[in-house]
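Visitor: Chains as they are written, first to last, in this note's numbering: chain A, 1 to 365; chain B, 1001 to 1379.
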Amino acid sequence: MSTLAESRTPRAAASGTDPVLEIKNLSVDYGYDDPTHVLRQVSLTLNRGEVLGLAGESGCGKSTLAYAATRLLPPPGLITGGEVIFTGRDGIRSDILALNDKDLRASRWQDLAIVFQGAMNSLNPVFRIGRQIADGIQAHMPQVTKKEALERSANLLEMVGISADRLRDYPHQLSGGMRQRVMIAMALALDPQVLIMDEPTTALDVVMQRQIVEQIAELRERLGFSVIFITHDVSLLIEIADRIAIMYAGEIVEDASAQDVYRRPRHPYSDGLLHSFPPLRGERRELGGIPGSPPDMRKLPTGCPFRDRCAFVFDACAHITPELVHPAVAGDDHRRSVACLRHEPETVAAAGFTPQPVPDRLALR
Amino acid sequence: MSAQPTGLPPASRLGKAPSDEVPVLAAVDLRKHFPVRGFRSKQVVHAVDDVNLELHRGRVVALVGESGSGKSTIARLLAQLMPVTGGQLLLHGEDATAGNRRAFRRYVRRVQMIFQDPFGSLNPIHTVRYTLTRSVKIHQGRLRGEELETALSTLLQRVQLTPPERYIDKFPHELSGGQRQRVAIARALAADPEVLLADEPISMLDVSIRLGILNLLRDLRDRLQIAILYITHDIASARYFADTTMVMYAGRVVETGDSESVTQDPKHPYTQLLVRSAPDPDDLDARARGARGEAPSLVRPPSGCRFNPRCPFATDVCRAEVPPLLPVGEGREAACWGYADRPDRPVLGSVLDAFGERPPVDISLLPVTGGADTEEEGR
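#1: Quick check on the DSSP output: the alpha helix (DSSP H) that includes residue 1269 (chain B) runs from which residue to which?
#2: Going by DSSP, which residues form a beta bridge with residue 1090 (chain B)?
#3: Return the residues of the stretch 234-259 of chain A that lie within a Cβ-Cβ distance of less than 7 Å from chain B, sorted by chain order.
#4: So, helix, strand or coil for residue 1032 (chain B), using DSSP?
#5: CA-CA distance, residue 1300 (chain B) and residue 1147 (chain B)?
#6: If we ignore side chains and look at the alpha-carbon of each, how far apart do residue 1094 (chain B) and residue 1268 (chain B) end up?
#7: Could you tell me which residues DSSP pairs with residue 1247 (chain B) in its beta bridges?
#8: For chain A, is any of its Cβ atoms less than 8 Å away from the one on residue 1135 (chain B)?
#9: Going along the chain, which residues of its own chain have a beta-carbon closer than 6 Å to the beta-carbon of residue 1006 (chain B), five neighbours each way excluded?
#10: Between the stretch 1264-1283 of chain B and chain A, which residues of the former have CB atoms less than 8 Å from a CB of the latter, in chain order?
#11: For chain A, is any of its Cβ atoms less than 8 Å away from the one on residue 1209 (chain B)?
#12: So, with DSSP's three-state summary, where would you put residue 1260 (chain B)?
#13: Do we get a CB-CB distance below 8 Å when we pair residue 131 (chain A) with the residues of chain B?
#14: For residue 30 (chain A), does the three-state DSSP call read helix, strand or coil?
#15: Taking DSSP's pairing of strands, which residues face residue 78 (chain A) in a bridge?
#16: In chain order, what residues of the same chain have a beta carbon less than 7 Å from the beta carbon of residue 1045 (chain B), not counting five sequence neighbours either side?
#17: Write down every uninterrupted run of the beta strand (DSSP E) in the stretch 1109-1136 of chain B whose length is 3 residues or greater and which is fully enclosed by it, in chain order.
#18: For residue 1054 (chain B), which residues of its own chain have a beta-carbon under 6 Å away from its beta-carbon, when the five flanking residues on both sides are left out?
#19: Are there 16 or more other CB atoms within 10 angstroms of the CB of residue 173 (chain A), so buried, or fewer, so exposed?
#20: The alpha helix (DSSP H) with residue 140 (chain A) in it runs from where to where?
#21: As a quick exercise: from A:128, A:58, A:24 and A:192, pick the residue whose alpha carbon is nearest that of residue 80 (chain A).
#22: The stretch 1221-1237 of chain B: which residues have C-beta closer than 9 Å to a C-beta of chain A, in chain order?
#23: Can you pull the chain B neighbours of residue 57 (chain A), defined as C-beta to C-beta under 8 Å?
#24: Verify whether the separation of the beta carbon atoms of residue 1221 (chain B) and residue 1331 (chain B) is less than 8 Å.
#25: Using a 10 Å radius around the Cβ and a threshold of 16 neighbouring Cβ atoms, would you call residue 76 (chain A) buried or exposed?
#26: If we cut at 8 Å on Cβ distances, does residue 1250 (chain B) have a partner in chain A?
#27: What residues in its chain sit with their C-beta under 6 Å from that of residue 1354 (chain B), if we drop five residues either side in the sequence?
#28: By the criterion of Cβ-Cβ separation under 8 Å, what are the contact partners of residue 1178 (chain B) in chain A?
#29: Could you name the residues of chain A that residue 1037 (chain B) contacts, counting a contact when the two beta carbons are closer than 7 Å?
#30: So what does residue 230 (chain A) bridge to, in DSSP terms?
#31: Of the choices A:363, A:64 and A:169, whose alpha-carbon is the least far from that of residue 116 (chain A)?
#32: Measure the beta-carbon distance from residue 1198 (chain B) to residue 1228 (chain B) and round it to whole angstroms, keeping in mind my assumption that it falls under 8 Å.
#33: Going along chain D in order, which residues have a C-beta closer than 8 Å to the C-beta of residue 1066 (chain B)?
#34: Compare the C-beta of residue 1003 (chain B) against all C-beta atoms of chain A and say whether one is closer than 8 Å.
#35: Quick check: the stretch 354-365 of chain A against the stretch 321-335 of chain A, are there 3 or more CB pairs under 8 Å?
#36: List the residues that DSSP assigns as beta-bridge partners of residue 86 (chain A).
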């Protein structure tokens, strides 16, 4: 671990964290001639052993972020800038975006594994699931015989709660929840350090969702991998994630611990998102959701992209693009950040506008 | 509301419907079996069995269940998009099975449906104007010119797409998901229906605009006194929006009652599991963590109660006999032998006691992979 400590960035060392994946100023465009900027200078750090939730509406760039960070982005997606630093168990740091093809192939699945959205469509329908898992193992470890690889696949299946005799089943013989588990078993086949899960439970009903989520939590505790969990269901994230990053229109607007996001949201969008889910308990009251609809990424407004839907908009919002800063609420956790001009009085004043205080609703303690 | 069509009976503008009046639409012992494909296969999928359902004017009934529990099949049966295997549909107490095209169109005028996917249910090559005009002309007769324009803008205003001029000549791809769903609702309203069957109307939409659509439907229920069947897998939204909630499991109704008591005090073990499985950050301790198993095959459903293989309280009677809906409180029913008055009934406990603990994962199996990993790194 001594090598690890040396490679820590000063900031991370100061806060006692141990980053395994650092996304720095990542930008992604879609299209070539008149590109749409779907990710704009996104920075995000995943610490070792942490579950990081990535929440936001469809089209806000959550999946794009995950795919760009793993270089799986299909054309016309184009990474236009930034770096993604992966720190291995041995402390060696590498920029995934700068790896050559051979190293990238070796790194995928072994360092970072992805469970894709919709497990139903991720498995090849004409191969038995045992063979599909074994394939991945053999591709990365050529010295492993087919028999050994199949044995390992059987172990992996049992680990996710599927009996080993399902190894010879085809995907259509399994239920949706089981297929999702097979995908998770596959992703864990090479003992990766980072597991990216893109809406892994969206197609499942709540009982199955809970089973899968509990299983992931259990496996993570034992195996010590880190998870990036992408979903639009914030209430699920609050339960399972250590930290939550809220995305809106291709930017991260709030990054804080799960309980902070839930109890003390600082960005009006986070607050709105939390009030978009009718509660199962407590008083039944009228909820409004968030007025308006997500902006068209092709023609984003100037300034804050959320301002058209925001209840706390003021004149500066149309002119200044907010950046992720420490919230202007005294006593907040020093690691949390928010992108809202209400929290940036100096920037607002410097641009010649009158700074507005943080509304009470966004300054809960 | 100048273009309010005249087909509506005047009584429908009165206040809340008393529960003893004749329901607008009722299903009696509804049953649907799908044949299983295959050579001389006599097997059937028991998609829906013995479902009774009543929709009253100005009331919302939610049908909650997991995927494959038969809730969408019920909507399609009620819309008469496919024939029933058994049972009856009653419209204002009269048999409503449409035998021919004309009868079907008469029926459709009163019972309209909204689908889950607004991206698929609107024809992409037609404008909003065309889509709505079709519906208006089919159901309200040959309106022209001014009359037609007023009808169209009234419809768009009703679904809060204002000003109507901004939306009337748009193609579906120019609208957001929420706006598209509103157009789909407007199309259904053009028939001036008495019943609206909404099949997961919000599950394809962005989370921040879902409540907007639910609030719109609720507003329509109150203003136009439409009876709404709301199908969802999200029991929390059923609590928010519906007056009555029916919970389905594997093709059968397992619990009914007013939404508040069904969600706050679930009686059937499956409903308890459902409520305890939904994410609830305020109540982390009371989550059912150790639940196992999944919905049964509907080709050969389990004998007796269909939940018995997963139920922690199941006894022999549950495996032998199908439980009827038994009264479990005021206006509430649950299909569970635990509430029957018989000596061999199962004793119900809390699902939390049965499922409260997280099950262990057998990790001893993994070092095989982990070991090889380090071995390779060492080389």
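Backbone N, C-alpha and C fix where the C-beta goes; we use that ideal spot for every residue, glycine too.
Just so we're clear, the structure is a prediction, and the values are computed from it rather than from any experiment.
Guide: In short, the structure shows the following:
#1: Counting along the chain, the alpha helix (DSSP H) containing residue 1269 (chain B) begins and ends at 1269-1277.
#2: B:1026 and B:1095.
#3: Of all residues in the stretch 234-259 of chain A, 235, 236, 238 and 239 have a Cβ within less than 7 Å of some Cβ in chain B.
#4: Strand at residue 1032 (chain B).
#5: Rounded to whole angstroms, residue 1300 (chain B) and residue 1147 (chain B) show a C-alpha spacing of 55 Å.
#6: As the crow flies, the alpha-carbon of residue 1094 (chain B) is around 33 Å from that of residue 1268 (chain B).
#7: Listed as beta-bridge partners of residue 1247 (chain B) by DSSP are B:1064 and B:1255.
#8: No - not a single Cβ of chain A is within 8 Å of the one on residue 1135 (chain B).
#9: Bear in mind that a pLDDT of 40 at residue 1006 (chain B), under 50, signals an unreliable position, so the model cannot answer this.
#10: Across the stretch 1264-1283 of chain B, CB contacts with chain A closer than 8 Å involve 1264, 1273, 1274, 1275, 1277, 1278, 1279, 1280, 1281, 1282 and 1283, in sequence order along the chain.
#11: It does; some Cβ of chain A falls within 8 Å.
#12: For residue 1260 (chain B), the three-state secondary structure derived from DSSP is helix.
#13: So, not an interface residue.
#14: Of the three classes helix, strand and coil, the one that applies to residue 30 (chain A) here is strand, per DSSP.
#15: Answer is A:29.
#16: Closer than 7 Å at Cβ, skipping near neighbours: 1033, 1034, 1036, 1298 and 1299.
#17: If only complete runs of 3 or more residues are kept, the stretch 1109-1136 of chain B shows the beta strand (DSSP E) at 1111-1114, in order along the chain.
#18: Excluding residues within five positions, the ones whose Cβ falls inside 6 Å are 1023 and 1026.
#19: That one is exposed.
#20: Boundaries of the alpha helix (DSSP H) around residue 140 (chain A): 129-140.
#21: The shortest C-alpha separation from residue 80 (chain A) is found at A:24.
#22: Listed in sequence order: 1233, 1234, 1235, 1236 and 1237.
#23: Chain B residues near residue 57 (chain A): 1206, 1207 and 1208.
#24: Not in contact: residue 1221 (chain B) and residue 1331 (chain B) (Cβ atoms no closer than 8 Å).
#25: So residue 76 (chain A) counts as exposed.
#26: No - not a single Cβ of chain A is within 8 Å of the one on residue 1250 (chain B).
#27: So the list reads 1312, once near-sequence residues are dropped.
#28: Near residue 1178 (chain B) (Cβ distances below 8 Å), the residues of chain A are 293.
#29: What residue 1037 (chain B) touches in chain A: nothing, since even the nearest Cβ is about 13 Å away.
#30: DSSP lists A:54 and A:198 as partners of residue 230 (chain A).
#31: It is A:64.
#32: Taking a contact as a CB-CB distance under 8 Å, the pair residue 1198 (chain B) and residue 1228 (chain B) counts as one, their CB atoms being some 6 Å apart.
#33: Structure shown: chain D not included; protein chains present are A and B.
#34: At residue 1003 (chain B) the pLDDT is 42, less than 50, meaning the model places this residue with poor confidence and gives no usable figure here.
#35: Yes, they touch.
#36: Answer by DSSP bridge pairing, in chain order: A:21 and A:94.
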